[in-house]
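Here is the structure we will look at, set down as structure tokens.
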Amino acid sequence: MTSLNAPLTFVHGPEIKNRFMLSPLTNLQSNDDGTLGEDELNFLVKRAEGGFGLVMTCAASVHMSGKAFKGQLGCYADDHIPGLKRIATALRAVGALSSVQLHHAGGRADAALNGGQLYGPWDDEQRGIKAMTTAQVEDTIQHFINAAIRCEKAGFDGVELHGAHGYLLCQFLDERHNNRTDRFGGSYENRTRIYHEVIEGVRAATGPDFQLGIRLSAERYGYSIAIARQFAQELMTGGKLDYIDMSLWDSFKLPEEEAYKSKMLIDWFTDLDRSHCRLGVAGKLLSAKDVQACLDHGADFVLIGRGAILHHDFPQQILANPDFVSQSFPVTPAYLAHEAVGTAFIQYLATAWENYVVKPPVPRD
Ligand SMILES: Cc1cc2nc3c(=O)[nH]c(=O)nc-3n(C[C@H](O)[C@H](O)[C@H](O)COP(=O)(O)O)c2cc1C
């Protein structure tokens, strides 16, 4: 049985002191120009103080065109570096590794924030999305690489590519829609090319101690579990990545696909040959038993989202108490504020996520 407190090494960079990573959490606490906001910094530092071995930022935009959220942290301009540096420095001071999640929303960007035109791998007239030209795809690859360079300059231990949840990279993987006829669409090889070019570009442009991970989705985004497994396997043995973060939403559920219902979703990824690449899982890990079960099923580490919103010290609580069970949603704004969740994040949780924040009572006449 692997201990949750055991350090874990990576091919590149320093080891993580335990098996807990903060899952990337969009929190809208930065400024509209993508520079760091104080509440975002405070939220992240509190999680490091609470025992997370690695603290990942929210999905941070690599380019204006891919902005999806007001108040989204940016790493698309040199003006963002001082704020990023504050995060990296503060996290290191409390003994946590640091990573920025690099994000481009593609067709799921917000036209009110991204300059007005949505771009994705294919045309979607109904949603106002234009297919990127080959040159635009190549520019976007460069935007990811430039963002990683900025994060390294700022002192981060690494970056994670957001390759999941139907955002730009994941849109390229979609076998239902990505019928592009250039080298970025059609066949499996072409649909995965953008990932490989970003990964190779980031590796080539950053130092030997810079950690590179990727978040992938297992199902729901236009490719089968067979493809998700094939791709995860290819990346694990490709020798470029330090870790894969499988975003499962519910780690112990059975897959949607009939042919894969013989075992839990997590087990379809822990059984791959991961070579030197580490494997983390995220999704509905809300107790000490859930977290330990992931390691027992063969994951190297866990990523905690909602549990970390509810408890800034989720790792410390679990390490101290094998029976720990997270508080559940909904909670009051005061509860969240006490856990270093700022006003903008509370507002986001109250409006975009169902039943996370207790609604104030409706006044009677
Ligand atoms: C408020 C909120 C914001 C999120 N933001 C991101 C994000 O920026 N990037 C990402 O990859 N996933 C994001 N997720 C997904 C989480 O990282 C995590 O994978 C998911 O919530 C499942 O884990 P959990 O059950 O521990 O919350 C978000 C989830 C929530 C609830």
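Here the sequence shown stands for residues 13 to 377, numbered as in this note's numbering.
Note that the Cβ used here is the ideal one computed from N, Cα and C, for glycine as well.
All of these numbers come straight from a predicted model, not from anything done at the bench.
* Asked: Which parts of the region 294–374 are runs of the alpha helix (DSSP H), unbroken and 4 residues or longer, counting only runs that do not cross its ends?
  -> With a minimum length of 4 residues, the continuous alpha helix (DSSP H) runs that stay inside the region 294–374 are 300–308, 318–322, 326–332, 345–350 and 355–364.
* To do: For the beta strand (DSSP E) containing Phe196, list its first residue and its last residue.
  => Along the sequence shown, read from residue 1 onward, the residue named residue 196 stands at position 184. Unbroken run through Phe196: none, as it is neither H nor E.
* Asked: Excluding the five sequence neighbours on either side, which residues of its own chain have a C-beta within less than 8 Å of the C-beta of Gly219, listed in chain order?
  -> For the purposes of this step, residue 219 is taken as the residue at position 207 of the sequence shown. Only Glu164 meet the Cβ criterion.
* To do: Mind checking who Gln113 pairs with in its DSSP beta bridge?
  => For the purposes of this step, residue 113 is taken as residue 101 along the sequence shown, with counting starting at 1. Per the DSSP secondary-structure output, Gln113 pairs in a beta bridge with Ala71 and Glu172.
* To do: Take the Cβ of Asn190 as the centre, count every other Cβ of all protein chains shown within 10 Å, and call the residue buried at 16 or more, exposed below.
  => Stepping through the sequence shown from its first residue, residue 190 is reached at position 178. Burial check for Asn190: the Cβ neighbour count within 10 Å reaches 16 or more, so the residue is buried.
* Spatially closest choice to Pro334 from Ser340, Phe196 and Phe326, by CA coordinates -> Start at 1 with the first residue of the sequence shown, and residue 334 comes out as number 322. Considering only alpha carbons, the answer is Phe326.
* Asked: Quick one: what's Met33 bridged to in DSSP?
  -> Walking along the sequence shown from the start, residue 33 turns up at place 21. Under DSSP, Met33 shares a beta bridge with Leu66 and Leu315.
* Asked: Which residue or residues does DSSP assign as beta-bridge partners of Asp136?
  -> Counting from one through the sequence shown, the residue named residue 136 turns up at place 124. Per DSSP, Ile141.
* **Ile358 Cβ short of 8 Å to ligand 1 heavy atom set** => The count along the sequence shown starts at 1 and reaches residue 358 at position 346. Outside the cutoff, so no.
* Can you tell me which of the three DSSP states Met276 falls into? => By 1-based counting over the sequence shown, the position of residue 276 is 264. Under the three-state reduction of DSSP, Met276 is assigned to coil, being neither helix nor strand.
* **Endpoints, beta strand (DSSP E) assigned at Gln223** => Translated into the one-based positions of the sequence shown, residue 223 becomes position 211. Counting along the chain, the beta strand (DSSP E) containing Gln223 begins and ends at Gln223 to Ser229.
* Asked: Mapping DSSP to helix, strand and coil, what is Met13?
  -> Residue mapping note: residue 13 aligns to position 1 of the sequence shown, counting from 1. Assigned with DSSP and collapsed to three states, Met13 falls in coil, not helix or strand.
* To the nearest whole angstrom, what separates the beta carbons of Val343 and Val370, a pair I think is in contact under 8 Å? -> As a first step, residue 343 must be located in the sequence shown, where it is residue number 331. As a first step, residue 370 must be located in the sequence shown, where it is residue number 358. Going by Cβ atoms, the distance from Val343 to Val370 rounds to 7 Å, so yes, they are a contact pair.
* To do: Could you tell me whether any non-hydrogen atom of ligand 1 is closer than 8 Å to the CB of Thr378?
  => For residue 378 there is no data in the structure shown, the boundaries of the chain being 13 and 377.
* Asked: On the premise that Phe357 lies in contact with Gln84, defined as a C-beta separation below 8 Å, what is that separation, rounded to the nearest angstrom?
  -> Reading the sequence shown from its first residue, position 72 is the one you call residue 84. Reading the sequence shown from its first residue, position 345 is the one you call residue 357. Between Phe357 and Gln84 the Cβ distance is about 12 Å, and since that is not below 8 Å, they are no contact.
* Exposed or buried, what is Ala108 when buried is set at 16 or more other beta-carbons lying within 10 Å of its beta-carbon? -> The residue labelled residue 108 in the question sits at position 96 within the sequence shown. Ala108 is buried by the Cβ-count criterion.
* Asked: With a Cβ-Cβ cutoff of 9 Å, do Leu266 and Lys273 count as a contact?
  -> On the sequence shown, position 254 is the one that residue 266 refers to. On the sequence shown, position 261 is the one that residue 273 refers to. At a Cβ-Cβ threshold of 9 Å, Leu266 and Lys273 count as neighbours.
* Going by DSSP, name the residue or residues bridged to Ile28. => Residue numbering aside, residue 28 sits at position 16 when the sequence shown is read from its first letter. The partner list for Ile28 (beta bridge, DSSP) reads Leu20.
* With Phe168 and Ser111 assumed to form a contact (beta carbons below 8 Å), what rounded beta-carbon distance in angstroms separates them? -> On the sequence shown, position 156 is the one that residue 168 refers to. On the sequence shown, position 99 is the one that residue 111 refers to. The C-beta distance from Phe168 to Ser111 rounds to 6 Å, short enough to meet the 8 Å contact threshold.
* To do: Using the Cα positions of Trp134 and Lys142, report the straight-line distance between them to the nearest angstrom.
  => Here residue 134 refers to the residue found at position 122 of the sequence shown. Here residue 142 refers to the residue found at position 130 of the sequence shown. Trp134 and Lys142 have their alpha carbons spaced roughly 7 Å apart.
* Separation of Glu52 from Leu224, as counted between CA atoms -> In the sequence shown, residue 224 corresponds to position 212, counting from 1. In the sequence shown, residue 52 corresponds to position 40, counting from 1. Inter-residue distance for Leu224 and Glu52 is about 22 Å (C-alpha atoms, whole angstroms).
* To do: Using 10 angstroms around the beta-carbon of Ser144, count the other beta-carbons present and answer buried if the total reaches 16, otherwise exposed.
  => The residue you call residue 144 lines up with position 132 of the sequence shown. The question names Ser, yet the displayed sequence has Met at residue 144. Result: buried.
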